[in-house]
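Enquirer:
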Amino acid sequence: MNQLFTIDNKTAVISGGAGVLGLEIAGYLLKEGVKVFILDYNETLLTKAVSKLEAYGDVHGFLCNVLEEDDLLSTKSAIMEQVDQIDILINAAGGNRKGANISPDSNIFKMDRQDFKMVNDLNFLGTVYPTLVFGEAMANNGKGSIINFSSMATVQSISRVMGYSAAKAAVDNFTKWMAQELASKFGDQIRVNAIAPGFFVTHQNRAILINEDGSLTKRSELVMQKTPMNRFGKPEELCGAIHFLCAEASSFITGTIIPIDGGFSSFSGV
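Going letter by letter, the sequence shown gives residues 19 to 288 in the numbering used here.
#1: Given 8 Å as the limit, is there contact between the segment 39-54 and the segment 255-266, that is, 3 or more CB pairs closer than that?
#2: When we look at the beta-carbon of THR62 and count the other beta-carbons within 10 Å, is it buried (16 or more) or exposed?
#3: Does DSSP put SER283 in a helix, a strand or coil?
#4: Return the chain-ordered list of same chain residues with a C-beta closer than 7 Å to the C-beta of MET247, the five sequence neighbours on each side being excluded.
#5: Please classify SER238 as buried or exposed, where buried requires at least 16 neighbouring CB atoms within 10 angstroms.
#6: Taking Cβ positions, are GLN207 and GLY273 nearer each other than 8 Å?
#7: What span of residues does the alpha helix (DSSP H) with ASN191 cover, start to end?
#8: Under the rule that 16 or more other beta-carbon atoms within 10 Å means buried, what is SER33, buried or exposed?
#9: How many whole angstroms separate the CB atoms of THR172 and SER163, which I take to be in contact at a CB cut-off of 8 Å?
#10: In three-state DSSP terms, what is PRO277?
#11: Let me know the secondary structure DSSP gives ALA73 once reduced to three states.
#12: Whole alpha helix (DSSP H) runs in the segment 126-164 with 4 or more residues, listed along the chain?
#13: With DSSP as the reference, please indicate the residues paired to PHE290 in a beta bridge.
#14: Compare the C-alpha of LEU91 against each of MET170, LEU57 and ILE165 and name the closest.
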């Protein structure tokens, strides 16, 4: 049974690895014996992340913009100089912009088109491009696990986050499409899945969810009403599903989107 869940000596690439969720996942994998390469476009955060993670295992950081294919290709080349194969790709890069949101006192017709494009590019193309670059290395080896980041915003419409919702819905479809493409053409040992986190407090959404005095905002109160567990997720609560999708225990699972949401997606609110 233990062999089903063994992931030590594997190699993982994590985009957005210096963010709150990516950093938590990187630390977990390092503790499990995985060699980890984190990618991030923010040099300051990347340096801090690598410094923190070095205490847990073999980690390397690369300054890389997931929307620049040349960056990704050069990063892949540098990584492949250090390892024989890439076993795991986690596409954790993503985010939102204020102009792609629809505030209660505005409407869809006033949305900032440029911010909408940037949010779609970051979340969707920021998943597609790394998958094509690092996924090709996996395809050539005939083995690997790709894990994308979806969202509860794809399950049903969530007010305000129009741009983010559209981008993550595209990620869901891309996950399923790539699952059949890779399995049918490169073998049954290369898999593509996604996790769909519910509401987790990160640097980007803290001001929306938490008041300065630590109390819940009105939006958070609505989230709690729809979340049977009545709390936010903890970053470490993503790691069990990530581990499962990296291990042989999930060898016949591909094209899935796994909710990690405290029951949010299963509850009508009534």
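By construction, the Cβ of each residue, glycine as well, lies at the ideal position given by its N, Cα and C atoms.
Expert: Reading it off the structure:
#1: In this structure the segment 39-54 touches the segment 255-266; the number of beta carbon pairs closer than 8 Å is three or more.
#2: With fewer than 16 Cβ atoms within 10 Å of its Cβ, THR62 is classed as exposed.
#3: helix
#4: GLY280 and GLY281
#5: Its Cβ being crowded by 16 or more others within 10 Å, SER238 is buried.
#6: no
#7: 180-204
#8: buried
#9: So it is not a contact: roughly 21 Å between Cβ atoms.
#10: strand
#11: Here ALA73 sits in coil by DSSP.
#12: 131-138 and 144-159
#13: Only positions 19 to 288 of the chain appear in the structure, and residue 290 is not among them; the question remains open.
#14: LEU57
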